[in-house]
Each structure stands twice: as structure tokens, then as C-alpha cells.
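Enquirer: Throughout, the working numbering is defined as the position within the sequence shown, counted from one, plus 1.
For every residue, glycine included, the Cβ atom is placed at its ideal position computed from N, Cα and C.
Computed from a prediction, not measured in an experiment: that's the story for all the values here.
My structure is below; once you've seen it, I'll send some questions.
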Amino acid sequence: MQRGEKIAIGVSVIALLVSVINTILTSPVIINLYSKPDISVVETNRELDGDTFRTMFIVKNKGSSTAKNVELVLNAYAKDIVQTMQGFTGEMIEKPNGPHFKTATLKVNYLPPNDSFIVLLTGRKESLVSISKAYNMKDSSPLNLTIPNAVSIRSERSIGNIYNQSPWFQVNVN
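Structural data, given as C-alpha cells:
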């Protein structure tokens, strides 16, 4: 073989390797493994103001792909008001969950990467006071659950993370 033929064969082999590597890296299996939505809900800005309390839940997609069919489930007292703000384009369904509680389910068709929406929950201080008195001398409520709280956050391809604050009875409500 002459030198020109060796160069042509070398270039062809390199081009073939680049093509195979490109095909592997852009295959749907590999993309699905590394390009996932990372959704989370964070409870923040708890506030007691006179006879009312407020808390915010921020739902965010920190992943590298769009989260489809996002569903957030919140537990609240029956008379609490659940409002959506900033970027919410889905639907909200409230169902009774016993005589004193309700479950609010918020559904969004898609949540792009680095996008978020906010849920504001407002209720009466009396609800919190009764829970606070029931658990006054304890460090936490049964199973560390508190009302209101985020129960679950999920999308079509992933289960999200929930970051709730400490239970309300640990906040001075008197």
C-alpha cells in the first residue's frame, strides 16, 4: 500500500468511528438516561398574620428536559384556600378528605427546564392552634406529618423531591 492509500483508509476509519460514537450518544436510550426532568416542591415563607396563616409551595423543574404531566398533591384543612400564581397553566382539583381536611391536586401538562410555578395556601390560625396544643410537648407529630403539607410530586418520567419545613406546632402560634 502506498502512503496515499493509508491516509485514505485512516480517514475513513476515523470517520466511521465518529459516526458510530455519534449514533450511540444520540440514541433514545442514552438520552432518556441522562436527560431527565428533576422536579421538586419546596415549602417556604410560612407566616402567621393575625388570625390567618400562609405558606407557599414552589414547584420547580431543575432537570435538563421538560417534565410532562406534572402532578402535585397537597393536604390542607377543609376551609383553607389554595391559589396558584406565576406560570401555572394547568388544572386544580379539590376533594374532601374526611370532615376536616381536603386534598388539592394540581396538574400541569408540561414544565420546561428551569421553570417553576407557585402555590399559595392560606388558612385560619385556629386550625393550627388545635394541632399545636395536641402536640405541645412532643418533638414531632405522628409520622412527622403536618397539615398543610405537600404529599407527592411526580411527572411522567420521574418522582420528585419534597422539602417541607418543620411541623407547624414547632412554630409559635399562641
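Going by other Cβ atoms of all chains shown within 10 Å of its Cβ, with 16 needed for buried, is Val-60 buried or exposed?
Expert: It is buried - the Cβ of Val-60 has at least 16 other Cβ atoms within 10 Å.
Enquirer: Along the alpha helix (DSSP H) that carries Ile-31, what are the first and last residues, could you check?
Expert: Per DSSP, Ile-31 belongs to the alpha helix (DSSP H) from 29-35.
Enquirer: Label Leu-17 either buried or exposed according to how many other C-beta atoms from any shown protein chain fall within 10 Å of its C-beta, with 16 as the threshold for buried.
Expert: Counting Cβ neighbours within 10 Å, Leu-17 comes out exposed, since fewer than 16 surround it.
Enquirer: What three-state label does DSSP hand Leu-144 in the structure shown?
Expert: Confidence at Leu-144 is low in this model, with a pLDDT of 47, below 50, so the placement of that residue is unreliable and no value is reported for it.
Enquirer: Count the other CB atoms, across all protein chains shown, that sit within 10 Å of the CB of Tyr-78; report buried if there are 16 or more and exposed otherwise.
Expert: Buried is the call here.
Enquirer: Would you call Ala-105 buried or exposed, if buried means 16 or more other Cβ atoms sit within 10 Å of its Cβ?
Expert: So Ala-105 counts as buried.
Enquirer: How is Glu-157 classed by DSSP in three states: helix, strand or coil?
Expert: Coil, per DSSP.
Enquirer: Buried or exposed: which applies to Asp-50, given that a residue is buried once 16 or more other Cβ atoms fall within 10 Å of its Cβ?
Expert: Asp-50 should be labelled exposed.
Enquirer: According to DSSP, which residues form a beta bridge with Asp-50?
Expert: Thr-53.
Enquirer: Residues in its own chain within less than 8 Å of Lys-126 by CB, not counting five upstream and five downstream?
Expert: Leu-49, Gly-51, Asp-52, Thr-53, Phe-54, Val-174, listed in sequence order.
Enquirer: Where do the N-terminal and C-terminal ends of the beta strand (DSSP E) with Asn-115 fall, by residue?
Expert: Asn-115 -> no beta strand (DSSP E), and no H or E assigned at all.
Enquirer: In angstroms with no decimal places, state the Cα-to-Cα distance between Lys-139 and Asn-76.
Expert: Since pLDDT at Lys-139 reaches only 49, below the 50 mark, its modelled position is unreliable, and the value read off the structure follows with that caveat. Each residue's Cα considered, the two are about 22 Å apart.
Enquirer: May I ask whether a heavy atom of the ligand ZN can be found less than 7 Å away from the beta carbon of Thr-104?
Expert: In terms of ligand content, the structure shown is empty, and the ligand ZN therefore cannot be addressed.
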